[in-house]
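Reading through the structure tokens given below for one structure.
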Amino acid sequence: MKAEQNLGWQKICSALLALAVIWTSGVSKSAMAAGQTDPKVILEKAEVIRNPTGDYTVEVELADTKDGKTDKRNYETLVKGRDKALVKFITPRSESGTRVLMSGPDMYVFVPTSAKPVRISANQKLTGNAAYGDIARLSFIGNYSAKYKALEKVGGKDSHVLELDSIPDRPVTYDKIEYWVDAKTMRPVKVVYMTQSGKAIREGTFEDFGDVFGLERPRTFILKNLLKSGHLTKLKFKNPQQKSFPALMFEKQNLGRN
Amino acid sequence: MALIFAGGLFHVAFVTDVGMAKVDLQGRASQTARFFLDDKRLRHQITEVGLRQVADVSEGVTTVVDGRLRYDSALFPTPTIKFRNYSKEVREDEGFEADTRQVYVDWLTENWAMKIGRIQFDWMESLSPRTSDAVTALDLRYGGFDSAAQIIEPVEAFSANTSVGIGSVEFMLVPRGKHHRLPKGENGYGYREKVNGLLAGVSRVLIASGLEGTVKQQLVSGAIPRGVNEGEMGARFLSSAGGVDFSAFAWRGHQRTPSLGLTLVESAESTEQSPFWELDATENFPRMNSYGAFASYGGNAFVLRAFSLYEPGRAPSLVVENELASILVLASGDTSQFLGDSSYRRGAIEDRLRSGGGFDYVFSKHLKLYSEGYATASRVTGKNPAGTAVNETSWDYTGTLRLTNESFEDWFISCDSTITGPERSWLINPDVTLGWGGSENSDNSRNSWKISVGGWFVESNSEKSALRILRGARQAYMRLATWF
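For the protein sequence lines, the chains are A and B, in the order given. The opening residue of the first sequence carries number 1 in my numbering; numbering runs sequentially from there. The opening residue of the second sequence carries number 259 in my numbering; numbering runs sequentially from there.
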């Protein structure tokens, strides 16, 4: 009986010891990574990689595949700072000349047939799974507030998971985002776009990392529709060039200019 | 065609001179069939080809040449399709045309954005059709149907835009302003029909009054006077802060819609034995100023808009010369039966204030809603045909709703509707468009094709409504278009 009791205490002590080890290792790990669990810092580092901060232009090739049929479109995106982007439609020819301007919280579209810019809401979609913000690679910083959720393994690598909630009155397409960031390299890994209620609707993965303006950045973004299987939208960012643009180029009244 | 050629030469010369960097040539072609639902009316079978060349000639400098060629085969006889009711004037005016829609140099610097040349512009920030009669001239030959780019009349202009403090200012100079383009003959869209009916009514009263001799009726097409003092100019301020967009403009121009001046003159061919009179309805486009203010706010799924437009010193739509008015009043007593309620003696002035707002909401790709409503208050001061001083105030309203649906792959379904009051008139434009790709290009893109089927169903008995020109021009259309 005594021996059984001793065995019981040993089990309890072992379990407590194990818990203590787990807890202390957790503390030491989180202590070591204290700077890296600050969601703002993680978001800032990941966004610097995902999206260059200066003025630049990049060609975007969009391939939307649905039910085995692929629709290709081409755009040219001019980005100024973190909150201004001008998307020029190149192909298909019927949409050539169309422009979309994102300037802070304001979004406008210019369609050649309408001959004047019209203000639109951020929920206006582009084509397939992609939104204008995806083409312009608008920054999450300033548009979303970040919370640290967990450390998860993705493809065998530790990734920070951030919960991003849209800031009221910001022109964002998605209300909530879960954002996976490689814990070691701070590279963006994937995003899951969600509705206000938390329902996941799209999953995006960042691929094809290569040298862009001196940093290894993703050059392909693949969006998967989680509500409809077999619907994929691939965005390839090509031929990036650093270039400064006059601020007037990003004014509504100049949207129809060529 | 000569204009396109001249524009092209100017373009090539300019591009060659400064050294061409990047040139993009785009083409479009379409075939549109329009059938009036009232068989007494006419139809159109329009073939259109357009070319647009954009050249980036150097950093910040771009040249644009955009031309359009149109041919309406329904206006000309074929072995199977005979002439319908089109007059020679209509065939000459609408049968064939080739013109440049835009030819300009665009120069963007760090502090200025400038354009010089033949351009199209519209400063009104409104969804509703033909909201402004002051700043932008429109091609209303077909009642104003068609896209804005197709109906905005291009003008030779210089514009400059620069940043100032919390916003930016744009200046525009148009040496030769244009008025709305109206049909030269009775083409089924109401304008000529209305004028001819008016002149016939006045003639009957004149003859019944005992006026001896023959009365010849005619519409004298007027134009905005030429000259240094007749140039048009304007400025607007634009600003955006806290998600609110604001702009305001002032424009010194001319009235775009004609004010018909009715006069009766004895013809030079008139003799005592055979008196001969000319009853003229002369189109006048007097000087006027207009002032507009606009604001908008956008959220994730919605956009709110508001606007106000003030146009003081307009001329009423029908002005009767004093002597003629006296004869008509003496002859009939009540001139409203043949002149309508909106006729005044020369010198009458109309001040107009138009205010409204809009709301757009994106539910999903299945339903997007765009709406706008505005009210117009008009005050006319002057004398009525009887010579009595008047100070009349009237008002009307216009509501516009646009719904779109993109539920089905490659299909775009939309329905535009407009309603006006208190004298009720309405317009509904359902449209179904199917798009598809054509042959593959070298850049992996495809030529685009679109086929649209729809109709314009309209009923307008109001003299004041924005739809007044359309009368009952109900029509169905089918359009096949390609871009290359």
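All C-beta atoms in this analysis are idealised placements derived from N, C-alpha and C, irrespective of residue type, glycine included. All figures in this text were calculated on a predicted structure; none of them were measured in a lab.
Q) Which chain B residues are close to Q124 (chain A), counting only those with a beta carbon under 7 Å from its beta carbon? A) As a first step, residue 124 (chain A) must be located in the first sequence, where it is residue number 124. Per Cβ cutoff of 7 Å: V620.
**Q.** Residue from B:A553, B:M736, B:F715 whose Cα sits closest to the Cα of M382 (chain B)
**A.** The count along the second sequence starts at 1 and reaches residue 382 (chain B) at position 124. The residue with the shortest Cα to Cα distance from M382 (chain B) is B:A553.
**Q.** For L431 (chain B), the first and last residue of its enclosing beta strand (DSSP E)
**A.** The residue you call residue 431 (chain B) lines up with position 173 of the second sequence. Element bounds for L431 (chain B): 425-432.
(Q) Can you look up F596 (chain B) in the DSSP assignment and give me helix, strand or coil? (A) Walking along the second sequence from the start, residue 596 (chain B) turns up at place 338. It is helical.
Q.
Measuring straight from C-alpha to C-alpha, what distance separates G264 (chain A) and P335 (chain B)?
A. Past the edges of chain A, shown from 1 to 258, lies residue 264 (chain A), and the structure says nothing about it.
Q) Taking any Cβ of chain B, which residues in the region 232-257 of chain A have a Cβ under 7 Å from it, in chain order? A) P246, A247, L248, M249, E251, K252, Q253, N254, R257
Q) Apart from the five residues just before and just after G318 (chain B), which ones in its own chain have a Cβ nearer than 8 Å to its Cβ? A) One-based indexing of the second sequence puts residue 318 (chain B) at position 60. Here the set comprises W365, L366, T367.
Q. Quick one, are the C-beta atoms of E207 (chain A) and F221 (chain A) less than 9 Å apart?
A. One-based indexing of the first sequence puts residue 207 (chain A) at position 207. One-based indexing of the first sequence puts residue 221 (chain A) at position 221. It is a contact, given that the beta carbons lie within the stated cut-off.
**Q.** N-terminal and C-terminal residue of the alpha helix (DSSP H) that S479 (chain B) is part of
**A.** Indexing the second sequence from 1 puts residue 479 (chain B) at position 221. Here S479 (chain B) belongs to no alpha helix (DSSP H), and DSSP marks it neither H nor E.
Q. Buried or exposed: K252 (chain A), going by 16 or more other Cβ atoms within 10 Å of its Cβ?
A. Position 252 of the first sequence holds residue 252 (chain A). Classification of K252 (chain A): buried, given that the 10 Å Cβ count is 16 or more.
Q: Would you tell me roughly how many angstroms separate the C-alpha atoms of Y628 (chain B) and T676 (chain B), rounded to the nearest one?
A: As a first step, residue 628 (chain B) is located in the second sequence; it is residue number 370 there, counting from the start. As a first step, residue 676 (chain B) is located in the second sequence; it is residue number 418 there, counting from the start. Using only the alpha carbons, I get a separation of about 12 Å.
Q) Using the beta-carbon count (16 or more within 10 Å), is P117 (chain A) buried or exposed? A) The residue given as residue 117 (chain A) occupies position 117 in the first sequence. With 16 or more other Cβ atoms within 10 Å, it is buried.
Q.
Check whether chain A comes within 9 Å of L582 (chain B), counting only Cβ atoms and requiring the distance to be less than that.
A. The residue given as residue 582 (chain B) occupies position 324 in the second sequence. False, the Cβ-Cβ gap to chain A never drops below 9 Å.
Q: Would you give the residue range spanned by the alpha helix (DSSP H) that P39 (chain A) belongs to?
A: Reading the first sequence from its first residue, position 39 is the one you call residue 39 (chain A). Unbroken alpha helix (DSSP H) run through P39 (chain A): 39-50.
(Q) Taking only three categories from DSSP, how would you classify N445 (chain B)? (A) The count along the second sequence starts at 1 and reaches residue 445 (chain B) at position 187. The answer is coil: DSSP assigns N445 (chain B) none of H, G, I, E or B.
Q: To the nearest angstrom, report how far apart Q513 (chain B) and T320 (chain B) are at their CA atoms.
A: Residue 513 (chain B) sits at position 255 when you count from the first residue of the second sequence. Residue 320 (chain B) sits at position 62 when you count from the first residue of the second sequence. Answer to the nearest angstrom: the Cα atoms are 32 Å apart.
Q. In angstroms, rounded to a whole number, what distance separates the CA positions of S532 (chain B) and T472 (chain B)?
A. Taking the first residue of the second sequence as position 1, residue 532 (chain B) is located at position 274. Taking the first residue of the second sequence as position 1, residue 472 (chain B) is located at position 214. Rounded to whole angstroms, S532 (chain B) to T472 (chain B) spans 8 Å at the Cα level.
Q.
If you measure between the beta carbons of R563 (chain B) and D618 (chain B), is that distance less than 9 Å?
A. One-based indexing of the second sequence puts residue 563 (chain B) at position 305. One-based indexing of the second sequence puts residue 618 (chain B) at position 360. Against a cut-off of 9 Å, the Cβ pair of D618 (chain B) and R563 (chain B) comes out as a contact.
(Q) Using only the alpha-carbon positions, how far apart do W707 (chain B) and R73 (chain A) sit? (A) In the second sequence, the residue the question calls residue 707 (chain B) occupies position 449. In the first sequence, the residue the question calls residue 73 (chain A) occupies position 73. C-alpha separation (whole angstroms): 15 Å.
Q: Tell me whether the beta-carbon of R637 (chain B) lies closer than 9 Å to the beta-carbon of D654 (chain B).
A: Residue mapping note: residue 637 (chain B) aligns to position 379 of the second sequence, counting from 1. Residue mapping note: residue 654 (chain B) aligns to position 396 of the second sequence, counting from 1. No.
Q) Would you call the CB atoms of W669 (chain B) and L685 (chain B) closer than 9 Å? A) Position 411 of the second sequence holds residue 669 (chain B). Position 427 of the second sequence holds residue 685 (chain B). No, Cβ-Cβ distance for W669 (chain B) and L685 (chain B) is not below 9 Å.
Q: Using only alpha-carbon positions, find the residue among B:H438, B:K442, B:V413 that is nearest to L431 (chain B).
A: In the second sequence, residue 431 (chain B) corresponds to position 173, counting from 1. L431 (chain B) has its Cα closest to that of B:V413, out of B:H438, B:K442, B:V413.
Q.
Measuring straight from C-alpha to C-alpha, what distance separates G198 (chain A) and M249 (chain A)?
A. Walking along the first sequence from the start, residue 198 (chain A) turns up at place 198. Walking along the first sequence from the start, residue 249 (chain A) turns up at place 249. Going by the C-alpha atoms only, they are around 37 Å apart.
Q.
Could you compute how far the alpha carbon of K147 (chain A) sits from the alpha carbon of G492 (chain B)?
A. Counting from 1 along the first sequence, the entry for residue 147 (chain A) is found at position 147. Counting from 1 along the second sequence, the entry for residue 492 (chain B) is found at position 234. Each residue's alpha carbon lies about 51 Å from the other.
Q.
For V312 (chain B) and I465 (chain B), what's the separation of their Cα atoms in angstroms?
A. Walking along the second sequence from the start, residue 312 (chain B) turns up at place 54. Walking along the second sequence from the start, residue 465 (chain B) turns up at place 207. Rounded to whole angstroms, V312 (chain B) to I465 (chain B) spans 60 Å at the Cα level.
Q: Please decide whether K66 (chain A) counts as near chain B, where near means a Cβ-Cβ distance under 9 Å.
A: By one-based count along the first sequence, residue 66 (chain A) stands at place 66. Yes, its Cβ sits closer than 9 Å to a Cβ of chain B.
**Q.** Cβ neighbour criterion (16 or more within 10 Å) applied to F140 (chain A)
**A.** The residue labelled residue 140 (chain A) in the question sits at position 140 within the first sequence. Classification of F140 (chain A): buried, given that the 10 Å Cβ count is 16 or more.
Q. Counting pairs of beta carbons, one from the region 75-86 of chain A and one from the region 52-61 of chain A, are three or more of them closer than 8 Å?
A. yes
Q | Nearest residue (CA-CA) to F294 (chain B), options B:R732, B:L738, B:F742 | A | As a working note, residue 294 (chain B) is residue 36 in the second sequence. Of B:R732, B:L738, B:F742, the residue nearest in Cα terms is B:R732.
Q) Within 10 angstroms of its Cβ, does Q378 (chain B) collect 16 or more other Cβ (buried), or is it exposed? A) As a working note, residue 378 (chain B) is residue 120 in the second sequence. With 16 or more Cβ atoms within 10 Å of its Cβ, Q378 (chain B) is classed as buried.
Q: Could you work out which residue in B:S479, B:S384, B:S528 is closest to A551 (chain B) when comparing CA atoms only?
A: Along the second sequence, one-based indexing puts residue 551 (chain B) at 293. Closest by alpha carbon: B:S384.
Q) Exposed or buried, what is Q241 (chain A) when buried is set at 16 or more other beta-carbons lying within 10 Å of its beta-carbon? A) Start at 1 with the first residue of the first sequence, and residue 241 (chain A) comes out as number 241. Classification for Q241 (chain A): exposed.
Q: Sort out for me which residues DSSP pairs A371 (chain B) with in a bridge.
A: Along the second sequence, one-based indexing puts residue 371 (chain B) at 113. BP columns for A371 (chain B) point to B:L366, B:N419.
Q: Compare the C-beta of R119 (chain A) with all C-beta atoms of chain B and state if any pair is closer than 9 Å.
A: Position 119 of the first sequence, counting from 1, holds the residue named residue 119 (chain A). With 9 Å as the cut-off, R119 (chain A) counts as an interface residue toward chain B.
Q. What is the rounded straight-line gap between the Cα of R217 (chain A) and the Cα of I42 (chain A)?
A. Locating residue 217 (chain A) in the first sequence gives position 217, counting from the first residue. Locating residue 42 (chain A) in the first sequence gives position 42, counting from the first residue. Spanning the two alpha carbons is a distance of roughly 16 Å.
(Q) Which complete beta strand (DSSP E) runs does the region 557-635 of chain B hold, if anything under 3 residues is left out? (A) 560-572, 576-578, 601-603, 607-622
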